[in-house]
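Peer 1: I am attaching a structure below and will ask some questions about it afterwards.
2 protein chains.
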Amino acid sequence: MFDFTSISFCNSTNARTGIFTTPHGLVKTPKFMPVGTLATVKGLSSTQLESTDATMILSNTFHLHLQPGERIIKESGGIHKFMNWHKPVLTDSGGYQVFSLGKLNKISDEGVSFKNPRDGSYLFLSPEKIMEIQMDIGADVSMAFDHCPPHTSTENDIEDSIKRTNLWLERCVKTHIRKDQALFGIVQGGKYPRLRELSAKFVSSFDLPGIAVGGVSVGESIDEIHNVISLVPKFLPSNKPRYLMGIGTLKEISIAVAQGFDLFDCVLPTRLGRHGTALFNNERWNLSNARFRDDFRPIDQSCTCETCKNYSRAYLHHLIRNNELLGLTLISLHNISHVIRFTNAISKAIQDNCFTIDFAPWETSSIAHHTW
Amino acid sequence: MFDFTSISFCNSTNARTGIFTTPHGLVKTPKFMPVGTLATVKGLSSTQLESTDATMILSNTFHLHLQPGERIIKESGGIHKFMNWHKPVLTDSGGYQVFSLGKLNKISDEGVSFKNPRDGSYLFLSPEKIMEIQMDIGADVSMAFDHCPPHTSTENDIEDSIKRTNLWLERCVKTHIRKDQALFGIVQGGKYPRLRELSAKFVSSFDLPGIAVGGVSVGESIDEIHNVISLVPKFLPSNKPRYLMGIGTLKEISIAVAQGFDLFDCVLPTRLGRHGTALFNNERWNLSNARFRDDFRPIDQSCTCETCKNYSRAYLHHLIRNNELLGLTLISLHNISHVIRFTNAISKAIQDNCFTIDFAPWETSSIAHHTW
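Residue numbers (this note's numbering), protein chains in the order written: chain F, 1 to 372; chain B, 1001 to 1372.
Right, dumping it as C-alpha cells:
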C-alpha cells in the first residue's frame, strides 16, 4: 500500500524527486505539507486548500486527542471524511507537543503523564496509546511517539531521551497493526552528531515506509539546524521518504533537499497569514503597511493562486486593516501556495538538472528561472 | 441599462416574480441579498459567495467612505473589481449608519456633520457628497441619502425627517449622473401610516429604477414592522423593484413578498454564522451545543450548499468549540445559502401557484414542499 520510488536525481547535490504512494493518492516529492493541527488548515476550506496544490497535509495526534477526541473522528469515518480532505494525511504523534505544552509532565520509560492544558485533568500517554489514537484517527501516515527534550539539554540527557525514543519505537512498531496506515520513525539527537548518527541508524534498522528527522528548529541556532540537515541523511535508507519536521523556510528547504530530504511541514505560512504577512520570493511583506494602500497589483504577479488571480494588495490591505476574516484566509492561501510552488519548482529543477542549494528561481539570473 | 420585468404573479397574494436587469447581470426576484458592509461578505471569498447562489450583494457607502475611502475603490477599477464580485452590487447610502454610529452628529437641511467614529476627525456628508461617493464606488445600484431618525421619535420629528429626506432625494436625483448606475429612492415615515403614505407617494413621483422602504426593523415592535410592510407597497409603482431594507428573517420575508416586495438584505446570516449559529428551516441552532458533538449529519440534509455537501455538524461543532476561523466561514456560507434558497423557493412557488404568506416549504405537509 505504501511505496517510495525515486524518479530523478540531481547531478550536483543529493536532491532527488520521487513519488510516495499512499491509500489516498500519490505525493510527488520534494513537497511542502501544510499544517492542520486541529483537522483544519486554519482559515481554509478543503476546496481552497486543494487550490494550493497541497497533497499530503499534517494534523496533530496530541491536539486531536484532546479535542475532539479520536472517538469522534473514528466514528465520523476517519480524519479524511471528518475534515473533508481526501488526499493523504499525516498525523504527527504529538511527542513535541506533549513535552512543550504539557507543563507538568512526568516522563518515564512507560510513558508521559501530564495535566490537560485545557481543563487540568490527568492524562497519560504511552507509545501504545499514541498508536491506538493514530489508528483511530486514520491518517495515511502515523508518526512514532518520540521524546523530544529541550534543545538546551545536556548531551547525557539527550542520550537518555534517545534510548527512550528507541524503546518507544520498538513498542510503536509492535502496536501499530493498521495495514492501510504507514508508521514513520523519528530521528532525535539534538545538536550532537554522535547521537544523531546513533538515532538515525537505530530508526533505519526497522523497515519502516518512511523516516522523519525531528527535534530540529526547536530553538537552536541556524548553524546547528544546518549541521543536522547535512549530517543525518547519509545514515538513512535512500529508498524511503525522508521527512524533515517543522521546517518551512525556503532557504532551509532548499538546503535540506540538497541533502536528500523529501518532505517538509511548517505552521509558518498560515501563522504569517493570520498576522497579515504575505510571502513574496524570499521576503515577508506586512500587508497592513501603508505602502500597499493603493497598490492594485496582486501580491505576486507570477503566482497563479486564487488570491493572486483575484485580489489586489490594496484589497488585502483593506481587509487586514479592518480585521476582516477574509484577509487572513486569502493571505494564508497565498502563503501555502507559495511554499508548495517552491517545492514544485525544486522538483522541476531537479528533473531539468538545474537545482542548486541556493535555489531562488524568482531571480531572472537563476538558471532555474523557468521553473518559477 | 436598468429594467424590471414582472414574470409571474401569485393568484392569492400580491407576490410576484421578476427580473431586474443591471449592467452586471440579472437579479431574479424575490431575492435575498447578502451584506458585505466593507466590500467583503464577512469570511467568504467571492468563489464561496457565488456558490450560495447570491446575485446582487450590498455594501455600505458610509463605511467604505471611512475605510478604504472611495478614491481607492475608484482607482482600483470600481467595487466589482476591488472585491472580485462581478455580479450586481448595491451600495446603501449610509443614511442609517450616519445617524446610528455618528454619535455627535449635527443635522441640517444642508447635510450631516459628525465625528469619524474611527479617529474623531470632523466629517460632513450631504446628499451631493453621498452621490459622488457612490458614483466613485461604482455599484450597479446606489441609494438616496435619507434621514433615518430613531423609531422612538415623535410624529412631528418623523414628519420633519421626511421633508428633509424628500428635499435630499431631489438633490440626489439632480447630482446622480452616472448612467450605468441606478438610483433608488428610500421611503421613510416610521410607524406612522400617514407619513409612510406621504413619503411613498413622493418617492414614487420620481421615475427611479427602484424604490426601497427603509427605517424598518430599527427597534420597533414586530406588529409595527408588519403594518409598514402591509401598508407601503400599495403606494409604490408596480413596474419597479421594491426593496425592503434590513429584513432577513424568513417569516418577514414571506409576509413582505406577499405584499409585493422583491428584494431583501440582512446581516443576520453572517452575524449568526460568526457566533456559531446555523439556520435550519425556521430554527436557529447553536452548533457549539454538546448535542452536535457526535452528530455526523450535515446541518441540513436537504441543503446543497458547500458546507452541507462536505462537512458534518460534528466537524462544525469541533471548529466552533476551538475558535477555528473555518467554522465561521462554513456556517456563514450555509446561512446565506439558506436564506437565498428560501427566496428562490418563494420564486418557484409563485410560478407554481402555491405561494402562501406563511411559506414554510420544508414542512412535508406544505403544498409548496417541492420547491424546497
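Beta carbons: idealized from backbone N, C-alpha and C, even for Gly.
Counting Cβ pairs, one atom from each stretch, are 3 or more of them under 8 Å apart for the segment 1175 to 1186 of chain B and the segment 1124 to 1141 of chain B?
Peer 2: With a cut-off of 8 Å, the segment 1124 to 1141 of chain B and the segment 1175 to 1186 of chain B count as touching, because enough Cβ pairs lie within range.
Peer 1: In whole angstroms, what is the alpha-carbon distance linking LYS42/F and PRO241/F?
Peer 2: Rounded to whole angstroms, LYS42/F to PRO241/F spans 26 Å at the Cα level.
Peer 1: Bridge partners for ARG242/F per DSSP, in chain order?
Peer 2: BP columns for ARG242/F point to ILE211/F.
Peer 1: Could you give the residue range of the alpha helix (DSSP H) that holds VAL1203/B?
Peer 2: That run of the alpha helix (DSSP H) goes 1193 to 1204.
Peer 1: At which residue ranges does the segment 48 to 72 of chain F contain complete beta strand (DSSP E) runs of 3 or more residues, listed in the order of the chain?
Peer 2: If we require 3 residues or more, the beta strand (DSSP E) runs fully inside the segment 48 to 72 of chain F come out as 57 to 60.
Peer 1: State yes or no: is the beta carbon of GLU75/F nearer than 8 Å to at least one beta carbon in chain A?
Peer 2: No chain A appears in this structure, whose protein chains are F and B.
Peer 1: Would PHE32/F and ILE253/F be called neighbours here (beta carbons separated by less than 8 Å)?
Peer 2: In contact: PHE32/F and ILE253/F (Cβ atoms closer than 8 Å).
Peer 1: At 8 Å on the CB atoms, spell out the chain B contacts of TYR192/F, in chain order.
Peer 2: By Cβ distance, chain B contributes nothing, its closest Cβ being about 37 Å from TYR192/F, past 8 Å.
Peer 1: Between which two residues does the beta strand (DSSP E) holding GLY25/F run?
Peer 2: Start and end: 25 to 29.
Peer 1: Checking 8 Å against the spacing of the C-beta atoms, do ILE247/F and VAL218/F come in under that value?
Peer 2: No, they are not a contact pair.
Peer 1: Using only alpha-carbon positions, find the residue among ASP207/F, LYS201/F and LYS163/F that is nearest to LYS234/F.
Peer 2: Checking every option, the nearest Cα to that of LYS234/F belongs to LYS201/F.
Peer 1: Three Cβ pairs or more, each shorter than 8 Å: is that satisfied between the segment 1324 to 1337 of chain B and the segment 1262 to 1270 of chain B?
Peer 2: Counting Cβ pairs under 8 Å, three or more are found: they touch.
Peer 1: Would you tell me roughly how many angstroms separate the C-alpha atoms of LYS115/F and HIS63/F, rounded to the nearest one?
Peer 2: Going from the Cα of LYS115/F to the Cα of HIS63/F covers about 13 Å.
Peer 1: Flag this pair as yes or no: are the beta carbons of THR314/F and ASP294/F separated by less than 8 Å?
Peer 2: Note that residue 314/F is Ala in the sequence shown, not Thr. It is a contact, given that the beta carbons lie within the stated cut-off.
Peer 1: Using a Cβ-Cβ cut-off of 6 Å (strictly less than) and excluding sequence neighbours within five positions of ASP1300/B, which residues of its own chain qualify?
Peer 2: Excluding positions up to five away in sequence, the list reads PHE1280 and CYS1308.
Peer 1: Assuming SER1230/B contacts GLN1188/B (C-beta within less than 8 Å), just tell me the rounded distance between them.
Peer 2: Actually they are not in contact, since the Cβ atoms of SER1230/B and GLN1188/B sit about 17 Å apart, beyond 8 Å.
Peer 1: Just to make sure I have the definition right: I need the residues of chain B whose C-beta is within less than 8 Å of the C-beta of ILE72/F. Which are they?
Peer 2: Within chain B, the residues near ILE72/F are ARG1293, ASP1294, ALA1314 and HIS1318.
Peer 1: Do THR1329/B and LEU1123/B have their C-beta atoms within less than 8 Å of each other?
Peer 2: No, the pair does not count as a contact, with Cβ atoms beyond the cut-off.
Peer 1: Assign ALA278/F to one of three DSSP states: helix, strand, or coil.
Peer 2: ALA278/F: strand per DSSP, three-state reduction.
Peer 1: Taking just the CA atoms, how far does ARG1118/B sit from VAL1098/B?
Peer 2: Distance between the alpha carbons of VAL1098/B and ARG1118/B: 13 Å.
Peer 1: Helix, strand or coil: which one does DSSP assign to SER153/F?
Peer 2: Residue state, collapsed to three classes: coil.
Peer 1: How long is the line joining the alpha carbons of GLY1069/B and LEU90/F, rounded to whole angstroms?
Peer 2: Answer to the nearest angstrom: the Cα atoms are 45 Å apart.
Peer 1: List the DSSP bridge partners of SER1006/B.
Peer 2: The partner list for SER1006/B (beta bridge, DSSP) reads GLY1018/B.
Peer 1: Would the segment 1285 to 1294 of chain B count as touching the segment 1001 to 1009 of chain B if we require 3 or more Cβ pairs under 8 Å?
Peer 2: As far as the Cβ criterion goes, the segment 1285 to 1294 of chain B does not touch the segment 1001 to 1009 of chain B, which means the pair count is below three.
Peer 1: Which ranges would you report for the beta strand (DSSP E) in the segment 159 to 193 of chain F if only whole runs of at least 3 residues count?
Peer 2: If we require 3 residues or more, the beta strand (DSSP E) runs fully inside the segment 159 to 193 of chain F come out as 182 to 187.
Peer 1: Using a C-beta cutoff of 8 Å, does LYS1042/B count as contacting chain F?
Peer 2: Yes - at least one Cβ of chain F is within 8 Å of the one on LYS1042/B.
Peer 1: Buried or exposed for THR40/F, going by 16 or more other Cβ atoms inside 10 Å?
Peer 2: THR40/F should be labelled buried.
Peer 1: Do PHE1145/B and ILE1158/B have their CB atoms nearer than 8 Å?
Peer 2: No. Outside cutoff.
Peer 1: Report the option in MET1245/B, ARG1171/B and LEU1038/B whose CA atom is closest to the CA atom of ILE1225/B.
Peer 2: Checking every option, the nearest Cα to that of ILE1225/B belongs to MET1245/B.
Peer 1: Select from ALA345/F, SER365/F, PHE359/F and ARG297/F the residue whose C-alpha is nearest the C-alpha of GLU1075/B.
Peer 2: Out of ALA345/F, SER365/F, PHE359/F and ARG297/F, ARG297/F has the C-alpha closest to the C-alpha of GLU1075/B.
Peer 1: Just by C-beta distance, which residues in the segment 1077 to 1090 of chain B are closer than 8 Å to chain F?
Peer 2: Here the close residues are GLY1077, PHE1082, MET1083 and ASN1084.
Peer 1: Who are the neighbours of ASN310/F on chain B, taking C-beta pairs under 9 Å?
Peer 2: By Cβ distance, chain B contributes SER1045, SER1046, THR1047 and ASN1084.
Peer 1: Along chain F, in chain order, which residues have C-beta atoms closer than 7 Å to that of ASN1322/B?
Peer 2: Correct list: LEU38 and GLN67.
Peer 1: With DSSP collapsed to three states, give me the class of PHE261/F.
Peer 2: Coil at PHE261/F, not helix or strand.
Peer 1: Determine whether the beta carbon atoms of THR22/F and ILE7/F lie at a separation below 8 Å.
Peer 2: No, the Cβ-Cβ distance between THR22/F and ILE7/F is not below 8 Å.
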